[in-house]
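Peer 1: Okay, here's the structure, questions in a sec.
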Amino acid sequence: MKGCIFVRSLPHGWGALYVSFFINTAILYMLFLLQLTQVADSIARHTKQEAGELLKQAASGEGIDKVSQLTQQFVEWGISAGGRILAALIVFIVGRFIVSMLNKLVARLLDRRKVDVSIKTFIRSLVNILLMILLIVAVVNKLGVETTSFAALLASAGVAIGMALSGNLQNFAGGLIILLFKPYKVGDWIESQNVSGTVREIQIFHTILTTADNKVIFIPNGALSSGVVINYNNQLTRR
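Everything in the sequence shown is counted per the UniProt record's numbering, starting at 1 for the first residue and increasing by one.
So, in structure tokens, the structure goes:
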């Protein structure tokens, strides 16, 4: 009967790496929506005040001139807002093109250096995430939203997330060390952390082993990179 032993509970795949990206992106969008809400409230208050003054001035004949001035102000505001939106759209389109070109350049460089597939996937994902965050900040800035507060907010969010995922970051660093120095590879029979088995898969956060009795074991890469690993692959016999 097949079994599965988890040495430590870990996020599957790339989930833990994308947590920071999704949270930071959500924060950016929430701040942007907050700014839009404040602008809308300001316009509503201004319109209400102008409408009250128009009612008071209607009897004296000044209301028509006031309506004309108010209409002109709205037209000017619309032109200004339209210009910002158009500029933000251009920045987004050009930025997406530049991000795509940079991602292709990084992929070609990694292919030439014959980097491990797992490291290649991670580096490409990380570069894409960082470039997209920069693009979002640039677009929001073009819309007229103050971006100085974003830097402090992203920094504090990064520190909080780093502290929450400290154990997973250790496993992540261990995974990079294993993929770079290759103390074992897929198909090797290894022994570590009081368990042994054939390496089925090497992921960023953990290594998957299959034991002789067909059990699946997930070992954190942090423990493997800092502990003793016995590789029996070059042995003619295994006891």
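Where a beta carbon is used, it is the ideal one built from N, C-alpha and C, also for glycine.
A quick note: this is a predicted structure, and the numbers were derived from the prediction, not measured.
(1) Considering only their Cβ atoms, is the gap separating L131 from V99 smaller than 7 Å?
(2) Measuring straight from C-alpha to C-alpha, what distance separates I85 and F172?
(3) With DSSP run on the structure shown, which of helix, strand or coil describes G227?
(4) Which residues share a DSSP beta bridge with P220?
(5) Please classify S156 as buried or exposed, where buried requires at least 16 other C-beta atoms within 10 Å of its C-beta.
(6) Taking the beta carbon of G174 as the centre, do at least 16 other beta carbons fall within 10 Å, making it buried, or is it exposed?
(7) For G197, does the three-state DSSP call read helix, strand or coil?
(8) If you count every other CB in all the chains shown that lies within 10 Å of the CB of G227, and 16 or more means buried, which is it?
(9) Roughly how many angstroms lie between the CA atoms of Y232 and R124, to the nearest whole one?
(10) Within this structure, are the beta carbons of H206 and N194 separated by less than 7 Å?
Peer 2: Reading it off the structure:
(1) yes
(2) 40 Å
(3) coil
(4) H206
(5) exposed
(6) buried
(7) strand
(8) By the beta-carbon neighbour count (other beta carbons within 10 angstroms, threshold 16), G227 is exposed.
(9) 33 Å
(10) no
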